[in-house]
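Data block below; observations after.
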Amino acid sequence: MDYQINGTVMQTVELTMKGGESVHTESGGMAWHTGDFRMATNMAGGVLGAIGRKLAGESLFMTTYTCESATGKLTFASCFPGHLRAVPLAAGQSMICQKDAFLCAETTVTLATHWRRKLGVGLLGGEGFVLQKLTGPGLAFVEIAGETTEVELAAGEVLKVDTGHVAMHEPDVQFDVEMVKGVTNVLFGGEGLVLARLTGPGKVWLQSMPIANLAARIVPFVPSKG
0 MDYQINGTVM
10 QTVELTMKGG
20 ESVHTESGGM
30 AWHTGDFRMA
40 TNMAGGVLGA
50 IGRKLAGESL
60 FMTTYTCESA
70 TGKLTFASCF
80 PGHLRAVPLA
90 AGQSMICQKD
100 AFLCAETTVT
110 LATHWRRKLG
120 VGLLGGEGFV
130 LQKLTGPGLA
140 FVEIAGETTE
150 VELAAGEVLK
160 VDTGHVAMHE
170 PDVQFDVEMV
180 KGVTNVLFGG
190 EGLVLARLTG
200 PGKVWLQSMP
210 IANLAARIVP
220 FVPSKG
C-alpha cells in the first residue's frame, strides 16, 4: 500500500491499494474512493473494545475497507485544521496518542484504549484518563491539531508542556504533571494550574493549537440565540 498526504491546513491522505489489501477506520471516516471496495462495519474488539473506543473519543463501530479491484484509491479527510501524520509501526511497537487522533490504519494495526494510571495525571493532564494506543505491525495515520513539532528526549531529559499540546508520544516516555508555582502565575499567567512533564527516553509530538483551544477562541464569535 502506498500513500500520499495532500493539502495544507485541512489535509487528506490518499491510499493506493492493491486487490485484497484492507484498512480500517472509525465509522464515517472515508471521504471518497476509486475502484471497487467492500465495506464491513462492526464492533471490532467486541462490546468492551467498542466502549473503550467511545471513551477515547472514537465511534462505537469500526469500518473495514477491502480493495476488490486490481487497484483502488481510498481517501480519508481530516476533521479539524492541522496535519495528518503517517505512523509506521513494527510488530509489537506501540504509540500513545491523544483521544480523537486516530484516522485510519492497516487492519494489522490494533487500536486500543490506554489508561492513565495516576489520578493526578488523569484529572489534570489535559487529555483525561483515556487515550488511544496503536500497536503494530502496520501503517497508521493520525490527526494532529495545528502545526507539529517533533522532540526526541534523551534518557532522563525533561520537557515541560502546557497541557493539551501533547499529541502523541512513545510508550517509554514518562508522562506526569506538576503544579505551576506562585499564586500570581496561577491566577494571571494564562497557563492553568499544571504543566505536563515528559521524561525521556523517547519521541514526543507536540501540536500548536489543541482543538479545545481552537473551540474556545471561536465561541465568543458564535451568535447566541435570541
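End of the sequence shown = 225 in numbering that gives the first Met the number 0, gap-free, step of one. Beta carbons are placed, not taken as given, at the ideal position from N, Cα and C, and that holds for glycine.
If you follow the alpha helix (DSSP H) that residue i is in, where does it begin and where does it stop?
| i | result |
| --- | --- |
| L59 | Element bounds for L59: n/a, residue is neither H nor E. |
| A215 | 210 to 217 |
With a Cβ-Cβ cutoff of 9 angstroms, do residue i and residue j count as a contact?
| i | j | result |
| --- | --- | --- |
| A104 | A144 | no |
| K98 | A111 | no |
| F229 | I210 | Examination of residue 229 is not possible in this model, given that the chain is present from 0 through 225 alone. |
| M0 | M94 | no |
| A76 | T11 | yes |
| E149 | G199 | no |
| T109 | T134 | yes |
| G203 | V176 | Correcting the residue identity first, residue 203 is Val in this sequence and not Gly. Not closer than 9 angstroms, so no. |
| T33 | T63 | no |
| P170 | G201 | yes |
| L83 | I4 | yes |
Residue range of the beta strand (DSSP E) that residue i falls in?
| i | result |
| --- | --- |
| E13 | 11 to 17 |
| K159 | 157 to 161 |
| F101 | 101 to 105 |
| E151 | 147 to 152 |
| E177 | 173 to 178 |
| C96 | 93 to 96 |
With which residues is residue i paired in a DSSP beta bridge?
| i | result |
| --- | --- |
| P87 | L138 |
| H32 | L73 |
| Q3 | E13 |
Between the segment 158 to 167 and the segment 217 to 225, do at least 3 Cβ pairs fall closer than 8 angstroms?
no
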